[in-house]
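Some notes on the structure that comes next.
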Amino acid sequence: MPGRSRTYWSADRVQGGSGGDQPTLTEHPPEYLHSNDISSLSPSELALKVGALIMLIRNLRQEDGL
1 MPGRSRTYWS
11 ADRVQGGSGG
21 DQPTLTEHPP
31 EYLHSNDISS
41 LSPSELALKV
51 GALIMLIRNL
61 RQEDGL
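What follows is the structure, given as structure tokens:
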């Protein structure tokens, strides 16, 4: 498909809860986070082209209709 693509990256940190009111931030190297290929998680890098048709196979943000 001709045209320019845009690349989107996932967050490079993990936020875990400590059981209290404030969540704690657990540091993991970005290489580790990007190496995980779990079907329930979005890919670490996603390239899309303007005008391309895409299909979301799960509800990502129901309040926005996605």
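If you count the sequence shown from 1, position 17 lands on 17 in UniProt numbering, and the numbers rise without skipping. All C-beta atoms in this analysis are idealised placements derived from N, C-alpha and C, irrespective of residue type, glycine included.
Beta-bridge pairing of residue i - partner residues as DSSP gives them
i	result
R61	DSSP output for R61 lists no bridge partner at all.
A47	T7
Status (buried if at least 16 other CB within 10 Å, exposed otherwise) for residue i
i	result
D64	exposed
A11	exposed
R6	exposed
G51	exposed
Contacts around residue i, its chain only, beta-carbon distance under 6 Å, and the 5 residues preceding and following it disregarded
i	result
L46	Y8
Proximal residues to residue i (C-beta, below 8 Å), its chain only, five neighbours per side dropped
i	result
R4	K49 and V50
P29	none
Under 8 Å between C-beta atoms of residue i and residue j
i	j	result
L33	S44	yes
Spatial neighbours of residue i in its chain, beta-carbon cut-off 7 Å, leaving aside the 5 residues before and after
i	result
M1	K49 and A52
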